[in-house]
Amino acid sequence: MRVSSPVWLLLISLLGASVHAAESLPYYNSQEFSPHWLDADSPELKSFHRIPAFSFTDQDGNSVTEKTFEDKIYVAGFFFSTCPGICPKIRSKLNKVQTTYLDDPDVKILQHSIRPTTDTKEILKDYAEEHGIESSTWYLVTGDKERIYSLAKSAYFASEDLGNIQNTNDFLHTETLLLIDKNRHIRGIYNGLNSASIDYLLTDIATLKSTM
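Written out as structure tokens, the structure is:
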């Protein structure tokens, strides 16, 4: 299984350093993840990249759409239930986010299955129960494969450079986590395998909360 290149890991570190050198968080609008420092009332934000409308099904069989996260902050990522490699490691890091914000209705986690044909809602429910995932905070979603992959590439800017190819028919598997603000703008990129990066994520969530 191929892991992210040292170049990408260095980029994550540099982005983290630049973010935490400032009092606010940047905005991102392309797969290069170049930071844009904009004021919250900047006219440019009206046409700036946002996560588009979507509709999936979570582990409880409930519909999950962009409206589920209206006026909320969420951490987005990708996984599949039978992944033996990086998924358990990322899950352990996301557990820290869940524990920190379990009682906070303004902070959520959204993981999209990259194998939705086998990750049914029943499978995801069992997975959630086995690993202590609270459905009030942490959404595991399944749905149409093409829509998930399209969203990953066009909205979250996932590409082969960011993850591991499972096989020729499968979507990339990335350890990247993204922080999305209440207006569905991307505000941070993190390595889900790195404890220090997750600490930055928690700090950045607090920063966003302070502006809500």
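Numbering (the working numbering), first residue to last: 1 to 212.
Beta carbons are placed, not taken as given, at the ideal position from N, Cα and C, and that holds for glycine.
- Sorting 114, 136, 140 by C-alpha distance to the C-alpha of residue 126 places 140 at the top.
- A residue is called buried once 16 or more other Cβ atoms fall within 10 Å of its Cβ, and residue 103, having fewer, is exposed.
- By the criterion of at least three beta-carbon pairs nearer than 8 Å, the segment 128 to 148 is in contact with the segment 46 to 59.
- Under the three-state reduction of DSSP output, residue 69 falls in the helix class.
- Under the criterion of beta carbons closer than 8 Å, residue 113 and residue 79 qualify as touching, at roughly 7 Å.
- Here the alpha carbons of residue 200 and residue 94 stand approximately 13 Å from one another.
- Under DSSP, residue 64 forms a beta bridge with 56.
- Sorting 25, 51, 29 by C-alpha distance to the C-alpha of residue 40 places 25 at the top.
- Contact between residue 96 and residue 74 is ruled out by a C-beta separation of about 15 Å, above the 8 Å threshold.
- Beta-bridge partners of residue 108 (DSSP): 74.
- Residue environment analysis places residue 37 among the exposed positions, since fewer than 16 neighbouring C-beta atoms fall within 10 angstroms of its C-beta.
- Using a Cβ distance threshold of 8 Å, residue 193 and residue 186 do not count as a contacting pair.
- Per DSSP, the continuous alpha helix (DSSP H) segment holding residue 149 begins and ends at 145 to 154.
- In the three-state DSSP reduction, residue 203 falls in the helix class (H, G or I).
- Check the Cα spacing between residue 183 and each of 121, 211, 87: the tightest is with 211.
- The residue among 158, 83, 30, 151 with its C-alpha nearest the C-alpha of residue 174 is 158.
- Counting along the chain, residue 91 sits inside the alpha helix (DSSP H) bounded by residues 86 to 101.
- The alpha carbon of residue 208 has as its nearest neighbour, out of 195, 188, 196, the alpha carbon of 188.
- Classified as buried, residue 191 has 16 or more neighbouring CB atoms from the shown chains inside 10 Å of its CB.
- The Cβ atoms of residue 110 and residue 76 sit closer than 8 Å to each other.
- Under the three-state reduction of DSSP, residue 180 is assigned to strand.
- With contacts defined as CB atoms closer than 8 Å, residue 152 and residue 52 fail to qualify as a contacting pair.
- Non-local C-beta neighbours of residue 90 in its own chain, meaning closer than 8 Å and more than five positions away in sequence, comprise 77, 79, 175, 177, 192, 193, ordered along the chain.
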